[in-house]
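Enquirer: The structure's right below; bear with me while I get my questions together.
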Amino acid sequence: MNHLLGIGDLTKDDIETYLDKAQYYAGKLGDDRDYHSDALKNKIIVNAFFENSTRTLLSFEMAARRLGADIVNWDKENSSLSKGESFEDTIRTIDAMYPSALIMRHSGNGAPVDVARQVEHCCVINAGDGSREHPTQALLDALTMKLHFGKLKELVVAIVGDIAHSRVAASNMILLTKMGATVRVIAPKELMPSGFPVDNIQPLNDLREGIKGADVIMSIRPQKERMQDVSIKDDEYFRDYGLTYGLLNLADTNAVVLDPGPFNRGLQISEDLANDRARFLYDWQVSNGIATRMAVLDLVVSGES
Ligand code: NCD
Numbered sequence: 016m017n018h019l020l021g022i023g024d025l026t027k028d029d030i031e032t033y034l035d036k037a038q039y040y041a042g043k044l045g046d047d048r049d050y051h052s053d054a055l056k057n058k059i060i061v062n063a064f065f066e067n068s069t070r071t072l073l074s075f076e077m078a079a080r081r082l083g084a085d086i087v088n089w090d091k092e093n094s095s096l097s098k099g100e101s102f103e104d105t106i107r108t109i110d111a112m113y114p115s116a117l118i119m120r121h122s123g124n125g126a127p128v129d130v131a132r133q134v135e136h137c138c139v140i141n142a143g144d145g146s147r148e149h150p151t152q153a154l155l156d157a158l159t160m161k162l163h164f165g166k167l168k169e170l171v172v173a174i175v176g177d178i179a180h181s182r183v184a185a186s187n188m189i190l191l192t193k194m195g196a197t198v199r200v201i202a203p204k205e206l207m208p209s210g211f212p213v214d215n216i217q218p219l220n221d222l223r224e225g226i227k228g229a230d231v232i233m234s235i236r237p238q239k240e241r242m243q244d245v246s247i248k249d250d251e252y253f254r255d256y257g258l259t260y261g262l263l264n265l266a267d268t269n270a271v272v273l274d275p276g277p278f279n280r281g282l283q284i285s286e287d288l289a290n291d292r293a294r295f296l297y298d299w300q301v302s303n304g305i306a307t308r309m310a311v312l313d314l315v316v317s318g319e320s
């Protein structure tokens, strides 16, 4: 059975296979906004999001439809979890209906890994688990960087914000170091983790120092819903960690800003920079999310990954 549970499980070649396929679909969607294929015709895919989502849920759904699959959205609010059914039995029930794939988001670190061990009939794709991994987000970020700069190797990427609670930061650290980029992480002490998922990560508390000469600045939202003993003051956070044109001057002259979304204007990024599509590549990341999730669904469900 094929699964995509984390970037940590992938080799450099696997990542390249996903990115090549994603680039192929980005090209198709660039040529024809109505592009559809039959690659996953007759397949039924289930979205099971136990945590909120806008971009990831919608883009998996659109990606599946563009590949000709049928997609069913399991709805937590209307599910039997509220009637006392356990998580494991909910998964068992979905698996017994023989979907081709189960795309899941969950607040528990490692939940999709446990589910992949449990299911007998379907592929499992991780759409974000706790603060552990968000593999398709890291792949779409990598696709955006690769399309923009023509390479990932030797890029200097500064990830700024809530490093401690972010699965996006974690998956990006793993992917980018595997692909030969240099990764710095910048956060206030209370949002900096005590360890990183890979070696060779440079931690810094000072944003000015951290973004010097960077090609990419990736902003990560303070994940307030995951903070237990920490509270941050919005005005101080923006003063010390908010991205503005003034700060961008310290990075490479061609530096661009990425953000997985949802992003907070006036907290993570200034209003004018957030509206600048040439420097802040957010919309392009969202579009690339469809191509990337088409690639992932195609490779995982067809068993070629
Ligand atoms: C992220 C997530 O949910 O992990 N969003 C996303 O998938 N694009 C990041 C976040 O919530 O800050």
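Numbering (my numbering), first residue to last: 16 to 320. Yeah, the Cβ is synthetic: ideal placement off N, Cα and C, and Gly gets one too. The structure presented is a predicted model; accordingly, all values stated were derived computationally and were not measured.
Please tell me whether, using a cut-off of 7 Å, the distance from the CB of T159 to the nearest non-hydrogen atom of the ligand NCD is below it.
Expert: The answer is no for T159.
Enquirer: When you get a sec, list the residues whose CB is within less than 7 Å of any heavy atom of the ligand NCD, chain order please.
Expert: Working through the chain, the matches are S68, R70, T71, G143, H149, Q152, S181, R182, V183, I235, R236, Q238, P275, G276 and P277.
Enquirer: Check whether the Cβ atoms of S146 and H180 sit closer than 8 Å, and answer yes or no.
Expert: Yes, the pair counts as a contact, with Cβ atoms nearer than the cut-off.
Enquirer: Do you know how far the Cα of I216 is from the Cα of G42?
Expert: When rounded, the distance between both Cα atoms is 33 Å.
Enquirer: Using alpha carbons as the reference points, say which of T26, P212, T259 and I140 lies closest to R308.
Expert: Cα-wise, what sits closest to R308 is I140.
Enquirer: Which residue spans inside the region 234-267 form an unbroken alpha helix (DSSP H) run of at least 4?
Expert: As far as the region 234-267 is concerned, its whole alpha helix (DSSP H) runs of at least 4 residues are 249-256 and 260-263.
Enquirer: Take A37 and list the residues in its own chain whose beta-carbon comes closer than 6 Å to its own, dropping the five residues that flank it on each side.
Expert: Contacts found: L158, A306, T307 and A310.
Enquirer: I believe L19 touches V213 by the beta-carbon criterion, under 8 Å. Please report the beta-carbon distance rounded to the nearest angstrom.
Expert: That pair is no contact at about 18 Å.
Enquirer: Which residues in the same chain have their Cβ closer than 8 Å to the Cβ of T192, if we skip the five residues on either side of it in sequence?
Expert: Answer for T192: V198, V213, D214, N215 and I216, listed in chain order.
Enquirer: Taking the alpha carbon of N17 as the reference point, which residue from R107, V134, E31 and T71 has its own alpha carbon closest?
Expert: The candidate whose alpha carbon is nearest that of N17 is V134.
Enquirer: Who does F295 pair with in a DSSP beta bridge?
Expert: Looking at the DSSP assignment, F295 forms a beta bridge with V272.
Enquirer: Taking three-plus beta-carbon pairs below 8 Å as touching, is the region 28-37 in contact with the region 200-208?
Expert: Cβ pair count under 8 Å is below three, so no.
Enquirer: What is the DSSP secondary structure of L191, counted as helix, strand or coil?
Expert: Correct three-state label for L191: helix.
Enquirer: When DSSP builds the beta bridges, which residues end up paired with E148?
Expert: E148 pairs with D144.
Enquirer: Report back the beta-carbon spacing between H149 and S186 to the nearest angstrom; my notes put them in contact at under 8 Å.
Expert: About 5 Å; that satisfies the 8 Å criterion.
Enquirer: Going by beta-carbon coordinates alone, are Q238 and D291 separated by less than 8 Å?
Expert: Not a contact, by the Cβ cut-off of 8 Å.
Enquirer: In terms of alpha-carbon separation, which member of L258, D144 and P218 lies closest to R241?
Expert: Cα-wise, what sits closest to R241 is D144.
Enquirer: Are the beta-carbon atoms of G195 and K227 separated by less than 8 Å?
Expert: Cβ distance not < 8 Å, so G195 and K227 don't count as in contact.
Enquirer: When the Cα of R366 is compared with those of L206, A266, Q243 and V183, which residue comes out closest?
Expert: Lying outside 16 to 320, the shown extent of the chain, residue 366 is not represented and no answer is given.
Enquirer: Can you list, in chain order, the residues of its chain with a C-beta nearer than 7 Å to that of G281? Leave out the 5 residues immediately preceding and following it.
Expert: These residues qualify, in order along the chain: F253.
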